[in-house]
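Q: If you read the protein sequences in the order shown, they are chains A and B.
What the first sequence shows, in the working numbering, is residues 1 to 117, in sequence order.
What the second sequence shows, in the working numbering, is residues 1 to 113, in sequence order.
No residue lacks a Cβ here, since even glycine has one placed at the ideal position from N, Cα and C.
Okay, here's the structure, questions in a sec.
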Amino acid sequence: AQSVTQLDSQVPVFEEAPVELRCNYSSSVSVYLFWYVQYPNQGLQLLLKYLSGSTLVKGINGFEAEFNKSQTSFHLRKPSVHISDTAEYFCAVSVYAGGTSYGKLTFGQGTILTVHP
Amino acid sequence: DAGVTQSPTHLIKTRGQQVTLRCSPKSGHDTVSWYQQALGQGPQFIFQYYEEEERQRGNFPDRFSGHQFPNYSSELNVNALLLGDSALYLCASSTGLATGELFFGEGSRLTVL
């Protein structure tokens, strides 16, 4: 079975400062990796995904993440945050075999990012 | 292009009752997955439907059941509701053999009293 650990439940940061949200995963087989964002009273929106290839992936709204296989991590970063980035962020993994994932995601507990003016 | 739509958005039930939640997938998607998100937690996988059959199931009791219709829409049914079933229920759609990228609806918030 796979699991996802988001190391920080809450991250406060000032506007225009950089931020890193940490995610570690555990799996005995290969995985795809995702970051989703959830704004209050809304569903989840995909920020970015790692499927294969370059370990640095870029997503929407200026976010990027780096896949580190040896450390089984997939940390999310943004060089300069805005007030509008205040939301809850979820890291997720999907096990795949033969190139097919079937879309079952295992999520972390979430990290609440609060951007202060 | 309509995204994933869910109904109802909010509902209140009492213990022992039954509830049905509905989901229409994003246009072009044929697979629907359901997740339960308890307050302060990450979403938990309930089950997934593809070609009108349950393809995968998470660790949820048989009180949770579902259905997928020929137009790919789906229902989630929960019988004999417990207080612990109170949560946001999220529907997600994708293509059948995709890489796991899911498109989520805004959810149905169920409160069990």
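Can you give the Cα-Cα distance for Thr66(B) and Pro79(A), rounded to whole angstroms?
A: To locate residue 66(B), count along the second sequence from 1; it is residue 66. To locate residue 79(A), count along the first sequence from 1; it is residue 79. Checking the sequence shown, residue 66(B) turns out to be Gly, not Thr. Near 43 Å, if we compare the C-alpha coordinates of Pro79(A) and Gly66(B).
Q: If you run the structure through DSSP and keep just helix, strand and coil, what is Ser65(B)?
A: Indexing the second sequence from 1 puts residue 65(B) at position 65. Strand at Ser65(B).
Q: Output the boundary residues of the beta strand (DSSP E) element that contains Ala2(B).
A: For the purposes of this step, residue 2(B) is taken as residue 2 along the second sequence, with counting starting at 1. Where Ala2(B) is concerned, there is no enclosing beta strand (DSSP E), given that its DSSP letter is neither H nor E.
Q: Are Ala80(B) and Gly16(B) touching if we call contact CB-CB under 8 Å?
A: For the purposes of this step, residue 80(B) is identified with residue 80 of the second sequence, where counting begins at 1. For the purposes of this step, residue 16(B) is identified with residue 16 of the second sequence, where counting begins at 1. Cβ distance < 8 Å, so Ala80(B) and Gly16(B) count as in contact.
Q: Taking C-alpha atoms, which residue in Leu46(A), Leu56(A), Leu105(A) lies nearest to Tyr119(A)?
A: Outside the displayed span of chain A (1 to 117) sits residue 119(A), for which this structure offers no information.
Q: Strictly below 7 Å CB to CB, what residues from chain A border Gly107(B)?
A: Locating residue 107(B) in the second sequence gives position 107, counting from the first residue. Those are Gly43, listed as they occur along chain A.
Q: Please go through the stretch 44–90 of chain A and give each complete beta strand (DSSP E) segment of 3 or more residues, from N-terminal end onward.
A: As far as the stretch 44–90 of chain A is concerned, its whole beta strand (DSSP E) runs of at least 3 residues are 44–50, 56–58, 64–68, 73–78.
Q: For the stretch 41–61 of chain B, list every residue whose C-beta sits within 7 Å of some C-beta in chain A, in sequence order.
A: Gln41, Gly42, Pro43, Phe45, Gln48, Arg55, Gln56
Q: Starting from Tyr36(A), trace the beta strand (DSSP E) both ways and give me its first and last residue.
A: Stepping through the first sequence from its first residue, residue 36(A) is reached at position 36. Run containing Tyr36(A): 31–38, per the beta strand (DSSP E) assignment.
Q: Kindly indicate the opening and closing residues of the beta strand (DSSP E) around Leu113(A).
A: Here residue 113(A) refers to the residue found at position 113 of the first sequence. That run of the beta strand (DSSP E) goes 111–116.
Q: What's the call for Asp85(A), buried or exposed, on a 16-neighbour Cβ count within 10 Å?
A: The sequence position of residue 85(A) within the first sequence is 85, counting from 1. The residue is buried, with at least 16 neighbouring Cβ atoms inside 10 Å.
Q: Could you check what DSSP says for Leu113(B) in three-state terms: helix, strand or coil?
A: Translated into positions along the second sequence, residue 113(B) becomes position 113. Of the three classes helix, strand and coil, the one that applies to Leu113(B) here is coil, per DSSP.
Q: If you count every other CB in all the chains shown that lies within 10 Å of the CB of Pro43(B), and 16 or more means buried, which is it?
A: Here residue 43(B) refers to the residue found at position 43 when the second sequence is read from its first residue. Classification for Pro43(B): buried.
Q: I believe Ser94(B) touches Thr5(B) by the beta-carbon criterion, under 8 Å. Please report the beta-carbon distance rounded to the nearest angstrom.
A: Taking the first residue of the second sequence as position 1, residue 94(B) is located at position 94. Taking the first residue of the second sequence as position 1, residue 5(B) is located at position 5. About 15 Å; that fails the 8 Å criterion.
Q: Taking a cut of 8 Å between CB atoms, which residues from the stretch 79–90 of chain B lie near chain A?
A: Here the close residues are Leu90.
Q: Count the CB pairs spanning the stretch 7–22 of chain B and the stretch 53–60 of chain B that are closer than 8 Å, and state whether there are at least three.
A: No, because fewer than three Cβ pairs between the stretch 7–22 of chain B and the stretch 53–60 of chain B fall closer than 8 Å, the two stretches do not touch.
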